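Undergrad:
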Amino acid sequence: MTVWITRVDPVEPAAGPLHGLTMALKDNIDLAGVPTTAGDPRNSQPAEHNAFVVDRLIEAGAVPLGKTNLDQYATGLVGTRSPYGACHSVFSELHVSGGSSSGSAVAVATGAVDFALGTDTAGSGRVPAAFNALVGIKPSRGLVSARGVVPACRSLDCVTVMARTVGTARKAFDVMATFDPQDAWSRRASDLPRGRSTRTPGAAAVIGVPDIPLDLDPLHEQAWQETLDQAYRLGEVVKVDVQPLLEAAELLYSGPWLAERWLAFGDKMVDDPAVDPTVRTIVRNGAGLTAAEAFAGFDRLATLARASESSWAQLDALLLPVTSTHPTLAEVAADPIGVNSQLGRFTNMVNLLDLCAVAFPGPARADGLPFGIQLLAPAGHDDVVIDLAAVWCGEATRSSEVLLAVAGAHLSGQPLNHELVRRGARLAFGARTAPEYRMYLLEGPRPGLTRTVEPATGPGIEVEVWSLPAGEFAGFAATIEPPLALGPLELSDGQRVLGFVCTAEGADPDHEITRHGSWRSYLAQL
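By the numbering used here, the letter at position 282 of the sequence shown is numbered 299, and the numbering carries on one by one without gaps.
(1) To which residues of the same chain is MET18 closer than 7 Å at the C-beta, ignoring the five residues directly before and after it?
(2) CA-CA distance, ARG537 and ASP288?
(3) Answer yes or no: do LEU321 and ALA265 have a C-beta to C-beta separation smaller than 7 Å?
(4) What's the gap between the Cα of VAL223 and the Cα of ALA330?
(5) Any idea what DSSP makes of GLN62, helix, strand or coil?
(6) Output the distance between the C-alpha atoms of ASN149 and TRP409, rounded to the nearest integer angstrom.
(7) Check this for me: beta carbons of VAL178 and THR136, under 7 Å apart or not?
(8) Tell me the residue span of the beta strand (DSSP E) that contains PRO81.
(9) Can you tell me whether DSSP reads SER207 as helix, strand or coil?
(10) Measuring alpha carbon to alpha carbon, tell me which of THR23, ILE22, THR39 and PRO464 ends up nearest GLU29.
(11) Which residue spans inside the segment 310-351 form an unbroken alpha helix (DSSP H) run of at least 4?
(12) Using the C-alpha atoms, what's the distance from THR469 back to PRO52?
(13) Quick one: is ARG24 buried, meaning 16 or more other Cβ sit within 10 Å of its Cβ, or exposed?
(14) What are the boundary residues of the beta strand (DSSP E) that GLU507 is part of?
(15) Output needed for ARG216: all residues of its chain with C-beta closer than 6 Å, excluding positions within five of it in sequence on either side, in chain order.
(16) Please classify TYR90 as buried or exposed, where buried requires at least 16 other C-beta atoms within 10 Å of its C-beta.
(17) Of the choices VAL423, ARG158, LYS43 and SER117, whose alpha-carbon is the least far from that of LEU393?
(18) Go ahead and label ASP527 buried or exposed: buried means 16 or more other beta carbons lie within 10 angstroms of its beta carbon, across all protein chains shown.
(19) Among the residues of its own chain, which have a CB less than 6 Å from the CB of SER214, if the five just before and after it don't count?
(20) Compute the Euclidean distance between the alpha carbons of SER341 and LEU420, then round it to the nearest angstrom.
(21) For VAL123, does the count of other Cβ atoms within 10 angstroms reach 16, so buried, or fall short, so exposed?
In structure tokens form, the structure reads like this:
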């Protein structure tokens, strides 16, 4: 089978949190100097630049080894719709690899790379992860920039990462989740709700499971029942109504979003041997959709989203299988559209309903094939579902990390930021302090924050909140010199984290620089 479309020579890795980790890129993601075929050999022009996310990963020390096979134009969940040849699961030459990120999954599962990038519009990062016993993180929409990625449905496309462990996938995800002002669909992490905001700290997670039978094939059903028996390791298990989600999943290929694929690459769907006939049949159906049909689809989706709201209010995450079966190559060849549609029943709705997800291995099937399960949650709760997946897989969670707010020389791009990065810290989100804080200029130069006792109004001081491994905290704290200290700091949303605060002797009224609102703004005025 063809896994790689293009191989490149490894380069010396940069210093950073991903130093020396190797990666593969789905061939709808730009790598400078290499054609981005999107599974279409007619696309032979080398890319001029790296995709935004590829630049971020290389800067963090990751090393690209090449571009991987995919279902053409990322249209498929099977891994067979490619003129370069079909991929199969590493567990069986008879069974599909899953797609559309087929080559990326196989490259990771065979150990050729440490992690790989895919895309996930309808499930294309989670299905191949499930069929190859991998972890697949599908971020909240817009959390990872898609600039430099060939679009399938631009409003839904997500760059995803697959790895053999939650920890490796998460390390890459932490680097990938960076706001890109040049991507119109990019969203700041600070603009998304953070998980567990309404739950009691330390309380057991609440995991939803479907309240109806899921019509799985017998081997999947047996593995799913074992999964339900094991779900209690994550916390309290409750049954919820999943019907609105399953109905929303049907909209992706029967509703107006098919027109978005036609908009993205319909001009390529001509009668040419390079075009996969199944992809052409599917995408051409989007050419005749009307604006009225689009608005009808949007209205139906809004109705289903509202119907699912009450479930999310009581859950930390929803547990589902990734697929209802694991088809063979022969079954897909006999019914390429029907079997593919069946594979998207539990994945298609995630981006439509603005959810995040992580897929990971559940109990193996009785025939030895892997069985993939997934946890879903509303956008912004990425860390919640990744933490829960880590618990299931017996790996470390974020609970072993400390949130630390920085306002000066430790900010991204500032002289002391390396003190955080070399200790494995990662930028969690941007924020502002409560309005009562004042900022003073200290020797260094460096800023110090002090909270006043009087109530105040205003936007507060701009800070970055970093997540620092707990084991690194003492060493980092030892680098802080008076009059700065680490202490409780309240953010504008009421959350309390540790932060750089200034003792009384440093709060000289003649050196107050609060009016600038941030250290960067102050520096810009010099």
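C-beta: ideal position from N, C-alpha, C; glycine also.
Predicted model only: the values in this text are computed from it and were never measured.
TA: Looking at the coordinates:
(1) For the purposes of this step, residue 18 is taken as the residue at position 1 of the sequence shown. GLY102, ALA103, CYS104 and HIS105.
(2) As a working note, residue 537 is residue 520 in the sequence shown. As a working note, residue 288 is residue 271 in the sequence shown. The alpha-carbon of ARG537 is positioned some 56 Å away from that of ASP288.
(3) Looking up residue 321 in the sequence shown gives position 304. Looking up residue 265 in the sequence shown gives position 248. Contact flag set, yes.
(4) One-based indexing of the sequence shown puts residue 223 at position 206. One-based indexing of the sequence shown puts residue 330 at position 313. For VAL223 and ALA330, the distance between alpha carbons rounds to 10 Å.
(5) Taking the sequence shown and counting its residues from 1, one reaches residue 62 at position 45. Coil at GLN62, not helix or strand.
(6) Taking the first residue of the sequence shown as 1, we reach residue 149 at position 132. Taking the first residue of the sequence shown as 1, we reach residue 409 at position 392. Roughly 18 Å separates the two Cα atoms.
(7) The sequence position of residue 178 within the sequence shown is 161, counting from 1. The sequence position of residue 136 within the sequence shown is 119, counting from 1. A distance of 7 Å or more separates the beta carbons of VAL178 and THR136.
(8) Within the sequence shown, residue 81 is the residue found at index 64, counting from 1. Here the beta strand (DSSP E) through PRO81 covers 80-85.
(9) In the sequence shown, residue 207 corresponds to position 190, counting from 1. SER207: helix per DSSP, three-state reduction.
(10) On the sequence shown, residue 29 is found 12 positions in, with the first residue counted as 1. Minimum Cα-Cα distance from GLU29 among the listed residues THR23, ILE22, THR39 and PRO464 corresponds to THR39.
(11) With a minimum length of 4 residues, the continuous alpha helix (DSSP H) runs that stay inside the segment 310-351 are 346-351.
(12) Taking the first residue of the sequence shown as 1, we reach residue 52 at position 35. Taking the first residue of the sequence shown as 1, we reach residue 469 at position 452. Linking PRO52 to THR469 through their CA atoms gives a straight-line distance of about 58 Å.
(13) What you label residue 24 is simply residue 7 of the sequence shown in a count that begins at 1. Residue environment for ARG24: exposed (fewer than 16 other C-beta atoms within 10 angstroms of its C-beta).
(14) As a working mapping, residue 507 is identified with position 490 in the sequence shown. For GLU507, the enclosing beta strand (DSSP E) begins and ends at 501-507.
(15) Translated into positions along the sequence shown, residue 216 becomes position 199. Any reading at ARG216 must be qualified, since the residue scores a pLDDT of 47, below 50, and its modelled position is unreliable; the value itself is stated next. Answer for ARG216: no residue qualifies.
(16) The residue labelled residue 90 in the question sits at position 73 within the sequence shown. The residue in question, TYR90, is buried, as its Cβ has 16 or more Cβ neighbours within 10 Å.
(17) Start at 1 with the first residue of the sequence shown, and residue 393 comes out as number 376. The option with the nearest alpha carbon to LEU393 is ARG158.
(18) For this step, residue 527 is matched to residue 510 along the sequence shown. Exposed is the call here.
(19) Numbered from its first residue, the sequence shown carries residue 214 at position 197. Low per-residue confidence applies at SER214: pLDDT is 39, beneath 50, and the placement is therefore not dependable, though the value from the model is reported in the following sentence. Shown here for SER214: not one same chain residue has a beta carbon closer than 6 Å to its own, the five before and five after excluded.
(20) Your numbering for residue 341 matches position 324 in the sequence shown. Your numbering for residue 420 matches position 403 in the sequence shown. The alpha-carbon atoms of SER341 and LEU420 are separated by roughly 39 Å.
(21) Walking along the sequence shown from the start, residue 123 turns up at place 106. The residue is buried, with at least 16 neighbouring Cβ atoms inside 10 Å.
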